[in-house]
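Take a look at the structure set out below.
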Amino acid sequence: MTPSPIWHPFTQHALAGPMTPVASAKDAYLYTADGHRIIDAISSWWVVTHGHCHPHIVAAIKAQAERLDQVIFAGHTHDPAEALARRLLERAPDGLAYVFFSDSGSTSVEVALKMALGFWRHSGEPREHIAVLQHGYHGDTIGTMSVGERGAFNAAYEPLLFNVASVPFPTPGAEQTTIDALESVFKEQATAAFLVEPLVLGAGGMLMYPARILSEFARLCRHYRVLFIADEVMTGFGRTGRLFACEHARITPDILCLAKGITGGALPLAATLCRPEIFAAHYSTDRARTFFHSSSYTANPIACAAACANLDVWEREPVMGRLAAIEQMQRSRLAAFAANPRFRSLRQTGTIAAMDLAVSDGGYLANVSPRLYAFFQKRGLLLRPLGNTIYVLPPYCITGADLDEVYAAIAEAAEDIV
Ligand code: PLP
Numbered sequence: 001m002t003p004s005p006i007w008h009p010f011t012q013h014a015l016a017g018p019m020t021p022v023a024s025a026k027d028a029y030l031y032t033a034d035g036h037r038i039i040d041a042i043s044s045w046w047v048v049t050h051g052h053c054h055p056h057i058v059a060a061i062k063a064q065a066e067r068l069d070q071v072i073f074a075g076h077t078h079d080p081a082e083a084l085a086r087r088l089l090e091r092a093p094d095g096l097a098y099v100f101f102s103d104s105g106s107t108s109v110e111v112a113l114k115m116a117l118g119f120w121r122h123s124g125e126p127r128e129h130i131a132v133l134q135h136g137y138h139g140d141t142i143g144t145m146s147v148g149e150r151g152a153f154n155a156a157y158e159p160l161l162f163n164v165a166s167v168p169f170p171t172p173g174a175e176q177t178t179i180d181a182l183e184s185v186f187k188e189q190a191t192a193a194f195l196v197e198p199l200v201l202g203a204g205g206m207l208m209y210p211a212r213i214l215s216e217f218a219r220l221c222r223h224y225r226v227l228f229i230a231d232e233v234m235t236g237f238g239r240t241g242r243l244f245a246c247e248h249a250r251i252t253p254d255i256l257c258l259a260k261g262i263t264g265g266a267l268p269l270a271a272t273l274c275r276p277e278i279f280a281a282h283y284s285t286d287r288a289r290t291f292f293h294s295s296s297y298t299a300n301p302i303a304c305a306a307a308c309a310n311l312d313v314w315e316r317e318p319v320m321g322r323l324a325a326i327e328q329m330q331r332s333r334l335a336a337f338a339a340n341p342r343f344r345s346l347r348q349t350g351t352i353a354a355m356d357l358a359v360s361d362g363g364y365l366a367n368v369s370p371r372l373y374a375f376f377q378k379r380g381l382l383l384r385p386l387g388n389t390i391y392v393l394p395p396y397c398i399t400g401a402d403l404d405e406v407y408a409a410i411a412e413a414a415e416d417i418v
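Taking my numbering, the leading residue of the sequence shown gets 1, the next gets one more, and so forth.
See below:
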């Protein structure tokens, strides 16, 4: 066979070997073209919530594809988008009033940043500074790389990135340092917005911090009149044990970014929800105050129908009970690693569990990561460690037996590698 012409994401082709050909998927499993079963223990990059090919979501996609496949969303609307926007607002933290659709997590954050800067400019008080949390990840567009952690991911593109104020991650015991640093930033510069991943920083290494710190962030933002942007692209739709991570801190952000699990993981779609003041600042007979953002597939009807079907699943099936069960299953399995000297920093928030392999070089580019990946691959497991951080972020239909297989392989991998 001639080599594939496809350039894959986050893949060093000189080292990666052949890509795994996946022919089908069901529940927590992927099936390769030659019939092997793979346990999808990271929900295919954190998107699949209820399981692959959930019948209700598949049926909604089929039905919508036959009715209306796509329509320009400027000057037009359709039932799936209208229904979805209303239903998202009903379920989102109180106080959010408008929904702007886009098509990936990165664009949901780009939209949030533009909404924030537009708000201040149109309010007659231009503010241009953005503050973020150290180790954050918000996507790979130029804007979202700018607000993310600087390092191997984006070193080559540094000349294009804009400056932001980054406050230290609230490590256990040093949370006050973060709060003080954030307050200093707010005192020193007129900040337009503070952007964070609530409770769990995903690609930054599954770093976790408590809900009370999230409340503190929201309190400081309110006090200094800084817009608070919650990037729930990963944490949204149940990952932390509630529908949205912000619920743990009982806060409503000014802007909320959603993607990944919004369609249950079936189709690309994103939504940026905002408070009415942000929409109002753009609402004007002056065309220059239009919110100048779109992408061709904004609010694609099939994706919106999938997202409505996803919300049906949340309403009709015992999803909260499943989250509690996964949380418990993860906790008991993680606990068994507490006495294992090959691991450190065992941590869990809701359905997400993570631990670090005790090796001296654990950065994202360290060799330990591809070695672990290859080990798990041979075992029929999709686990994709971030440097020396191994995390398990499963679909909510995963069984205890599957998790046993996953954790047994993690223990063996450590014996093999450390
Ligand atoms: N924000 C967070 C918190 C993420 O975890 C990700 C992706 O992993 C993104 C944004 C970017 O999402 P996408 O890959 O859909 O552009």
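Ideal placement from N, C-alpha and C gives every residue a C-beta, glycine not left out.
A direct Cα-to-Cα measurement between tryptophan 314 and alanine 74 gives close to 30 Å. Annotation: the continuous beta strand (DSSP E) that includes alanine 193 extends over 191-196. For aspartate 361, the CB stays at least 6 Å from every heavy atom of ligand 1.
Contact between the segment 389-398 and the segment 32-51 is present: three or more C-beta pairs spanning the two stretches fall below 8 Å. The beta carbon of histidine 56 sits closer than 7 Å to those of Ala309, Asp312, Val313, all from its chain and outside the five residues before and after it, given in chain order. Straight through space, the alpha carbons of serine 123 and arginine 275 are spaced by roughly 14 Å. Proximity of the beta carbon of methionine 208 to ligand 1 is not indicated: no heavy atom of the ligand is located closer than 6 Å. Excluding five sequence positions before and after tyrosine 283, the CB atoms of its chain that fall closer than 8 Å to its own CB belong to Arg289, given in chain order.
For lysine 26, the uninterrupted beta strand (DSSP E) run begins and ends at 22-26, by DSSP. Apart from the 5 residues on each side of it in sequence, alanine 112 sits with its Cβ closer than 6 Å to the Cβ of Ile229, Ile255, Cys257, Thr272 in its chain, given in chain order.
Taking the CA atoms as reference points, alanine 65 sits about 29 Å from glycine 35.
Per DSSP, aspartate 356 is one residue of the beta strand (DSSP E) stretching across 352-357. Of all alpha-carbon atoms in Gln330, Thr298, Phe186, the one lying nearest the alpha-carbon of alanine 401 is that of Gln330. Annotated as proximal: alanine 305 and proline 80, with beta-carbon spacing under 7 Å.
In the three-state DSSP reduction, alanine 270 falls in the strand class (E or B).
For methionine 19, the three-state secondary structure derived from DSSP is coil.
Here leucine 357 is near alanine 414, since their CB atoms are less than 7 Å apart. Exclusion of the five residues before and after threonine 177 leaves Pro168 as the residues of its chain whose Cβ lies within less than 7 Å of its Cβ. Rounded to the nearest angstrom, the Cβ distance from leucine 182 to alanine 131 is 7 Å, consistent with a contact under 8 Å. The segment 287-302 and the segment 241-252 do not touch, with fewer than 3 CB-CB distances between them shorter than 8 Å. Setting aside the 5 residues that flank it on each side, serine 104 is surrounded in the same chain by Gly139, Ala259, Pro268, Ala270, each with a C-beta closer than 8 Å to its C-beta; the list follows chain order.
In the structure shown, the three-state DSSP call for isoleucine 326 is helix. For glutamate 216, same chain residues with a beta-carbon under 6 Å away, outside a window of 5 residues either side, are Ile179 in chain order. Rounded to the nearest angstrom, the gap between the Cα atoms of tryptophan 120 and histidine 76 is 28 Å.
Closer than 6 Å to some heavy atom of ligand 1: that describes the Cβ of aspartate 231. Relative to the non-hydrogen atoms of ligand 1, the Cβ of methionine 115 never comes closer than 6 Å to any of them. Excluding five sequence positions before and after isoleucine 213, the CB atoms of its chain that fall closer than 6 Å to its own CB belong to Pro170, Glu175, given in chain order.
Beyond the five residues adjoining it in sequence on each side, arginine 384 comes within less than 7 Å, by CB distance, of Ile42, Tyr373 in the same chain, given in chain order. Residues of the same chain with a CB within less than 6 Å of the CB of leucine 84, apart from the 5 flanking positions on each side, are Cys304, Ala307, Cys308 in chain order.
As the crow flies, the alpha-carbon of phenylalanine 186 is around 21 Å from that of tyrosine 137. Here methionine 208 carries a strand assignment [DSSP, helix/strand/coil]. Ranking Ser332, Tyr407, Lys114, Ala354 by CA distance to the CA of phenylalanine 375 puts Tyr407 first. Check the Cα spacing between serine 369 and each of Glu158, Phe101, Ile417: the tightest is with Ile417. The DSSP-derived three-state label of aspartate 231 is strand. Nearest in C-alpha terms to arginine 379, of all of Leu403, Tyr157, Asp361, His129, is Leu403. With a cut-off of 6 Å, the C-beta of glutamate 197 is classified as near ligand 1, since at least one heavy atom of the ligand falls inside that distance.
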